[in-house]
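J.: Sending over a structure as structure tokens; questions will come in a sec.
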Amino acid sequence: MTNQLKTAQNKPLHRCGWVSNDPIYLAYHDNEWGVPELDSRALFAKLCLDGQQAGLSWLTILKKQQNFERAFHQFDPEKIAMMGPTDVERLMHDSGIIRNKLKIESVIKNAKGYLAIEETQSFSEFIWQFTGGRTVINAWDNFKQAPTSTDASKAMSKALKKHGFNFVGETICYAFMQAVGMVNDHEVGCHCYQRTCDLAIK
């Protein structure tokens, strides 16, 4: 397995070492991972999906993403917040998603927390405050050098839990921060590194 593919100019195209050759994973890495996201609803959806990953591979979640979107009203927080025990029981029989009761219930709890935050500020502002509203640009030669949590992800986790969020531990929060461009943890040799640096919120 290699992350070096050939470009049209027959030059090696390097990607971060954690990426497999699965087309879904490649597309996610190349087009989404590390690109700054400022839309509140999109951030909410991504955070919920990251919580579903706990104990599983991210590729597993990516392959089920459309099923999650269908099951949870396209991650519309207002609609999700109205879901109850009957909905949870129904989704426990939905083979298209992760059939874990605590994880299903966590999305509902997170929706209620999202709505509570939105009463005083946008969810995007709430999330981005933990990096001071900017992208933290790192420069790792190898993805294994990146931390699994930071003071910022710990603070985010604590604040989210205060608002009733679940499955938002400091490690999940850091993975979320990497994904939505709050930190740029692409390897410096990755073909996406400079592009995400250019897109960084400064």
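Numbering (the working numbering), first residue to last: 848 to 1049.
Each residue gets a CB set at the ideal place from its N, CA and C atoms; glycine is no exception.
Predicted model, so just to flag it, every value in this text is computed and none were measured.
How big is the Cα-Cα spacing for Gln-851 and Asp-923?
T.: With a pLDDT of 48 at Gln-851, under the threshold of 50, the modelled position of that residue is not reliable, and no figure is offered here.
J.: Closer than 8 Å is the cut-off here; do at least three beta carbon pairs connect the stretch 892-910 with the stretch 869-878?
T.: The stretch 892-910 is in contact with the stretch 869-878.
J.: Do you know offhand how far Thr-936's Cα is from Lys-910's?
T.: A small fix is needed here, since residue 936 is Glu in this sequence, not Thr. When rounded, the distance between both Cα atoms is 22 Å.
J.: Please classify Ile-945: does DSSP put it in a helix, a strand, or coil?
T.: Coil at Ile-945, not helix or strand.
J.: Measure from the alpha carbon of Arg-1042 to the alpha carbon of each residue in Leu-873, Trp-865, Gly-881, then state which is nearest.
T.: When only C-alpha atoms are compared, the closest one is Gly-881.
J.: Sort Val-983, Ser-1004, Val-1015 by Cα distance to His-1033 and report the nearest one.
T.: Considering only alpha carbons, the answer is Val-983.
J.: With which residues is Trp-987 paired in a DSSP beta bridge?
T.: Trp-987 is bridged to Glu-1034.
J.: So Leu-860 is in the alpha helix (DSSP H); what residue range does that whole segment cover?
T.: Note, Leu-860: premise wrong, no alpha helix (DSSP H); beta strand (DSSP E) at 859-861.
J.: So for Gln-968, helix, strand or coil by DSSP?
T.: Residue state, collapsed to three classes: coil.
J.: Should Asn-1044 and His-861 be called a contact, given that it needs their Cβ atoms to be closer than 8 Å?
T.: It should be noted that the sequence gives Cys, not Asn, for residue 1044. Contact: no.
J.: Indicate whether Asn-1013 and Lys-956 have their beta-carbon atoms separated by less than 8 Å.
T.: Cβ distance < 8 Å, so Asn-1013 and Lys-956 count as in contact.
J.: Could you tell me the alpha carbon to alpha carbon distance between Val-1015 and Pro-859, rounded to whole angstroms?
T.: If you take the alpha carbons of Val-1015 and Pro-859, they lie about 37 Å apart.
J.: Do Ala-918 and Leu-938 have their C-beta atoms closer together than 8 Å?
T.: Contact flag set, yes.
J.: Do you know offhand how far Ala-958's Cα is from Tyr-1040's?
T.: Spanning the two alpha carbons is a distance of roughly 33 Å.
J.: Smallest Cα separation from Met-930: which of Asp-998, Gln-912, Gly-979, Val-954?
T.: Out of Asp-998, Gln-912, Gly-979, Val-954, Val-954 has the C-alpha closest to the C-alpha of Met-930.
J.: Buried or exposed: where does Ala-986 fall if 16 or more other Cβ atoms within 10 Å of its Cβ makes it buried?
T.: When all chains shown are included, Ala-986 counts as exposed.
J.: With DSSP run on the structure shown, which of helix, strand or coil describes Phe-1012?
T.: The answer is coil: DSSP assigns Phe-1012 none of H, G, I, E or B.
J.: Just to confirm my understanding: we take Leu-894, look at its own chain, exclude 5 residues before and 5 after, and list those with CB closer than 6 Å. What are they?
T.: Taken in chain order, the residues that qualify are Phe-1023.
J.: Can you find the residues in the same chain that come closer than 8 Å, C-beta to C-beta, to Ala-963, ignoring five residues on each side of it along the sequence?
T.: Excluding residues within five positions, the ones whose Cβ falls inside 8 Å are His-1010, Gly-1011.
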